[in-house]
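Right, one structure below, let's go through it.
2 protein chains.
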Amino acid sequence: MIATLKDLLGEKVSFDPSVLEAHGKDTSYPEIHPPAAVVFAVSVEDVLKVLSWCQKHHTPVIPFGAGSSLEGHIIPQSPAISLDFSLMNNILEVYPQDFLVAVEPGVRREELNQALRDTGLFFPVDPGANATLGGMAATNASGTTTVRYGGMHQNVVELEVVLANGDILHLGRSVRKTSSGYNLKDLFIGSGGTLGIITRLVLRLYPIPAFVHTMRVFFPGLTEAAEAAYRIMASALPVARLELLDELSIKVINRDLKRTYLEKPALFLEFHSSTGTAIEEESAIANKLVRVAGALDINVAKHEQERADQWEARHHFYWAFVHSNPGCLYYTTDTAVPISRVTELVTYAQQLLTEMRLEGSIVGHVGDGNFHTLIATLPEEYSLAEIFSELLVNRSLELGGTATGEHGIGLVKRKFMEAEHGAALDWMRQIKALFDPEGLLNPGKIV
Amino acid sequence: MIATLKDLLGEKVSFDPSVLEAHGKDTSYPEIHPPAAVVFAVSVEDVLKVLSWCQKHHTPVIPFGAGSSLEGHIIPQSPAISLDFSLMNNILEVYPQDFLVAVEPGVRREELNQALRDTGLFFPVDPGANATLGGMAATNASGTTTVRYGGMHQNVVELEVVLANGDILHLGRSVRKTSSGYNLKDLFIGSGGTLGIITRLVLRLYPIPAFVHTMRVFFPGLTEAAEAAYRIMASALPVARLELLDELSIKVINRDLKRTYLEKPALFLEFHSSTGTAIEEESAIANKLVRVAGALDINVAKHEQERADQWEARHHFYWAFVHSNPGCLYYTTDTAVPISRVTELVTYAQQLLTEMRLEGSIVGHVGDGNFHTLIATLPEEYSLAEIFSELLVNRSLELGGTATGEHGIGLVKRKFMEAEHGAALDWMRQIKALFDPEGLLNPGKIV
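Residue numbers (this note's numbering), protein chains in the order written: chain A, 497 to 943; chain B, 497 to 943.
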């Protein structure tokens, strides 16, 4: 039966076991479930063909970007077609005068910014991984720069989506604001391929800041670091990145990247400004604020290379941690809480790691109240990491927070949906049933 | 039959003809249709009582804030209950350390900012009118500061809504970001009371900027003004307001407010910064940019009073225009286009005003590509203004723009929904039918 897919899509279909396996795993979910076939789409027409085949054969379809998600979003739960967008990766048009760009869903964010370089503009959303823009919209990605530029909701102005029934919808407009009709664009952003399949995006761009100032500040403890973060947020300084790293994270980075950072809880900061004098003065204020909060040591990156090194360290942290804990499975938590509760939740996470004798590091987008605990366990002890996450999410929800700040619900976090959303969960399920009555689109995820 | 409402809600119900009339009109829609009764809710319980009564008696209910909307959002289309929130106006809790505030829907934005004054924080969304926060969320309001701080989508983190069936949903969380579940919060923002009734909001707050710099710049023509606006946007300067006013707007302001502004197309600008030196330097750059674009005259407001005067002029413009054209009806267009198309659409609007011999002024949030044409006509010629708006919206849509940047669809713009949304309109209608199968919630609006 699956062979008939070839009749429809020819060489775009792959049954190669290594290809299937690569589409049956993400960056963190521990189990591999290869799909029945992978289709490499190059056009909306291909997407429509796959959907009509899937409908006819009652087979689910799972959109696939870079496979860099972490919550099992793209793992089949039954025999399914993985619809890979890596070949549908054209930058369709740059509109520099509108600060917009139209892309196919398979374009990756680093390639996009590379292509934009000559325009003086950039796309700011930076989840660390070199994800596809389609995948980033599907999971509502954000990251280190969200404190200043927002995440995908704020930075996607237009989406083309194909529904289960083959309807092609154009959601949103290429404008900076609209109040026209129901906001379906933001309903589809973050819906993880469960309501429709994204086939085109228009994204917002920003002028590359003329002056960038990068700092690393080290503190005696996490409380002081969190206090400094709050002061920075309250100052209205043009902070573009505000990242917390705990002692163990710094140790792991020092070891893996041969750095000599002070092994203490740290804030990595970046300010974006439009004038040289402004940034000098802003950095003097930041300096004073972090000192008042108890900073032990302040390092200012003077050159672009030094800046690049600092953010490489932050972005490489996941892999540094993996290299430091070979032969393990890795689990990443993703809670976000009201800003004033960050210290409380971070402290709780650290105590829990100690109590449970788990090897874990805390890093996070502390300006947004969002942090990750990265845990390494032996495969046979993986359930301990799951228990840790469950306890942390429950505490986050008690503090008014969320189960997931930026990774999405996927498969792993479904069990928290009822606690977080209450009566709204049933309405989410009704929306799923409305758009996908036969359950063809990435079933078993989110709702 | 309507009298039984009193049994349920007592003194909260009004049949006073002047009260009914005040709830049967908005700021701009020309017809008055009084509701059958007005209920002044003070609690969620009251809302539930009204809904159950409406369900039993098959009578629509229309949430009412300040009546400052412009597109007929709150005008009954058949005998209906107007559910007034002006008494449900408590600021429930300020969370300064989280940059959040919880409010009831009847709180007005000026009162909110007054109450916040001692915290050093403010709520930025500023549509001009002193609207209620519930109404602003329902219509997805934005305004002069949206270019920097975003509109209601970005600044409401949590909504409590009551559905037609009495379900009470809590949408979103009190965090700066979440990727948990489908984004129903943003589906309800801008849904104009057609999907549910907002009974509580949590809003984002920002530190009051330490340094504010306000400029008025006059240009020989609109093209130069639009060019200057583009250069400002491309500069990455911390622009917080970027307003365009045409020659006639300035004349009207001079006449009504006894100002002596140069009667030429102008940009009114504001920059928010965190240091004194920064703002001096930023303003020097802005000065240079507008000169290169052809500025005739640049005025910098040095004192707070001068700043207040400038923005009073901008906000008072609607009433200045009304006073200058007594005995007329007034129509406000609300198109938004990609930034590069603003000059083209403004020029088209001006030519059309001349061709159609209409008295009209253009003002707008040009940094967001959104502008308004305010038209005064004799009552018997009102249809000319409607034709003007239709032609302007059609051109806006051709240019990739939207029928409404910030006022919403309401009643007036429904005819453009199909042209703007295509196949998505039918899905919006299905969502309406899902949440409100009996059509009790503000029927005849948006979809």
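C-beta: ideal position from N, C-alpha, C; glycine also.
A quick note: this is a predicted structure, and the numbers were derived from the prediction, not measured.
Residue from the options whose Cα sits closest to the Cα of residue i
i      : options                           : result
A/A598 : A/H666, A/T674 and A/A533         : A/H666
B/H519 : B/I835, B/S582 and B/C550         : B/S582
A/W807 : A/L765, A/L936, A/V833 and A/E723 : A/L765
B/F536 : B/G563, B/S578 and B/I728         : B/S578
A/D580 : A/V748, A/F560, A/R837 and A/L874 : A/F560
B/M648 : B/R605, B/L848 and B/D663         : B/R605
A/K502 : A/S514, A/N609 and A/V546         : A/V546
A/D793 : A/A816, A/D805, A/L763 and A/E840 : A/L763
A/G865 : A/E840, A/M497, A/S885 and A/V818 : A/E840
A/Y645 : A/L659, A/R737 and A/Q573         : A/R737
A/D805 : A/A782, A/A791 and A/I749         : A/I749
A/V590 : A/G901, A/L612 and A/V603         : A/L612
B/E507 : B/D522, B/S514, B/M497 and B/V538 : B/V538
A/A660 : A/L680, A/L544, A/E600 and A/K681 : A/L544
A/I781 : A/A724, A/A797 and A/Y826         : A/A724
B/T555 : B/P592, B/L880 and B/S574         : B/S574
A/A722 : A/A920, A/T873, A/L874 and A/G860 : A/G860
B/I775 : B/K798, B/A791, B/S548 and B/G790 : B/K798
B/P572 : B/P530, B/D542, B/N609 and B/E607 : B/P530
A/P592 : A/L874, A/S670, A/G790 and A/R755 : A/S670
Chain B contact residues for residue i, given Cβ-Cβ distances below 9 Å
i      : result
A/P623 : Ordered by position in chain B, no residue passes the 9 Å Cβ test against A/P623, which lies about 11 Å from the chain.
A/G662 : Chain B residues near A/G662: none, gap ~10 Å exceeds 9 Å.
A/H666 : H917, G918, A919 and A920
Residue i: contacting residues in chain A (beta-carbon distance under 8 Å)
i      : result
B/V833 : V671
Beta-carbon proximity check, residue i vs residue j, cutoff 8 Å
i      : j      : result
A/L699 : A/L629 : yes
A/L937 : A/T690 : yes
A/I835 : A/E855 : no
B/T843 : B/L718 : yes
A/L733 : B/S770 : yes
A/V773 : B/T773 : Note on identity: in this sequence residue 773 of chain A is Thr, with Val being the wrong assignment. Result yes, Cβ atoms of A/T773 and B/T773 sit closer than 8 Å.
A/F884 : A/L740 : no
B/F767 : B/Y702 : no
B/Y678 : A/M924 : yes
A/G692 : A/V657 : yes
A/D742 : A/P716 : no
B/V862 : B/V735 : no
B/L758 : B/S857 : no
B/G624 : B/G602 : no
A/T674 : B/S676 : no
B/R853 : B/V708 : no
Beta-carbon separation (whole angstroms), residue i vs residue j, contact threshold 8 Å
i      : j      : result
B/S510 : B/V534 : 5 Å
A/N651 : A/V621 : 6 Å
B/V889 : B/M913 : Not confirmed; about 11 Å, so no contact.
A/S892 : A/V833 : 6 Å
A/V540 : A/I685 : A/V540 to A/I685, Cβ: 19 Å. No contact.
A/A562 : A/N626 : 7 Å
A/I704 : A/F618 : 5 Å
A/E916 : A/D830 : The Cβ separation is near 13 Å, so there is no contact.
A/V788 : A/V713 : Actually they are not in contact, since the Cβ atoms of A/V788 and A/V713 sit about 12 Å apart, beyond 8 Å.
A/L907 : A/G935 : Rounded, the Cβ-Cβ distance is 15 Å, inconsistent with contact.
A/L753 : A/H812 : 6 Å
9 Å Cβ cut-off: residues of chain A touching residue i
i      : result
B/M924 : G677, Y678 and L680
Residues that residue i contacts on chain B, provided the C-beta gap is smaller than 7 Å
i      : result
A/D594 : P834, I835 and S836
A/A789 : Neighbours of A/A789 on chain B: none; closest Cβ ~14 Å, over 7 Å.
A/D864 : R672 and K673
Cβ-heavy atom distance, residue i to the ligand SAH, below 7 Å
i      : result
A/G865 : For the ligand SAH, the structure offers nothing, since it holds no ligand at all.
Where residue i meets chain A, residues with beta-carbon distance less than 7 Å
i      : result
B/G904 : S675
Within chain B, partners of residue i - CB distance below 8 Å
i      : result
A/T695 : Within chain B, no residue comes near A/T695; the closest Cβ sits about 14 Å away, beyond 8 Å.
A/Y591 : P834 and S836
Task: Contiguous beta strand (DSSP E) assignments of at least 3 residues, all confined to the region 761-830 of chain A - done: 762-769, 793-797 and 825-828
Task: beta strand (DSSP E) runs contained entirely in the region 522-552 of chain B, provided each spans 3 or more residues - done: 533-536
Task: Whole runs of the alpha helix (DSSP H) within the region 896-929 of chain B, excluding any shorter than 4 residues - done: 913-917
TODO: Run through the region 840-905 of chain A for me and flag every whole beta strand (DSSP E) of 3 or more residues, listed as ranges in chain order.
DONE: 855-861 and 866-873
Open item on the list: I'd like the ranges of any alpha helix (DSSP H) spanning at least 4 consecutive residues and lying wholly in the region 608-683 of chain B.
Closed with: 629-634, 642-645 and 648-651
Task: Uninterrupted alpha helix (DSSP H) stretches inside the region 695-741 of chain A (no shorter than 4 residues) - done: Counting whole runs of 4 or more residues, the region 695-741 of chain A contains the alpha helix (DSSP H) stretches 718-730.
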